[in-house]
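Worksheet for the structure shown next.
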Amino acid sequence: MKRLMITDIRKSCCDRGFDLVTAVFIREDPKDCRVPLLLDEKSILVLESATAPEEIAAIGVHSGNQYIRIRAKPDHGLTVGDQVQLGQGQELD
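Just so you know, the sequence shown maps onto residues 67 to 159 in my numbering.
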């Protein structure tokens, strides 16, 4: 599974009662001992996945970053800078 880092969290103006979370894909560092938080795929909805053609400073995405935008319930417990992983933390064969 790929790791992601949360770069932005804001209230959704379209879906009241939900947050819009932006995360960029990051390379795993074998020396990094931190365990990423696991996101339950049943509690989120991926709205967009793209590669940024240019910097989008408002959501913390740099040119060339692969990122996703997620709709999540406000009690998600995430903060900007958190490393997360989708699913159960196991690779599918």
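We put the beta carbon where it would ideally sit given N, CA and C, even for glycine.
Just so we're clear, the structure is a prediction, and the values are computed from it rather than from any experiment.
Item	Value
Where DSSP assigns a beta bridge to L103, which residues make up the other side?	V150
In this structure, does DSSP put D159 in helix, strand or coil?	Annotation note: pLDDT 36 at D159 (below 50); position unreliable, no value reported.
Excluding five sequence neighbours on each side, which residues of the same chain lie with their C-beta closer than 6 Å to the C-beta of T160?	Any answer about residue 160 is impossible in this case: the structure gives the chain only from 67 up to 159.
Indicate the three-state DSSP secondary structure (helix, strand or coil) for A118 in the structure shown.	coil
Pick out whichever of H128, D141, G130 and K68 has its Cα sitting closest to the Cα of V101.	K68
Can you grab the Cα-Cα spacing for the pair L70 / C80, in whole Å?	24 Å
So A107 packs on L152, CB below 8 Å; how close in whole Å?	Note on identity: in this sequence residue 107 is Glu, with Ala being the wrong assignment. The Cβ separation is near 6 Å, so the contact holds.
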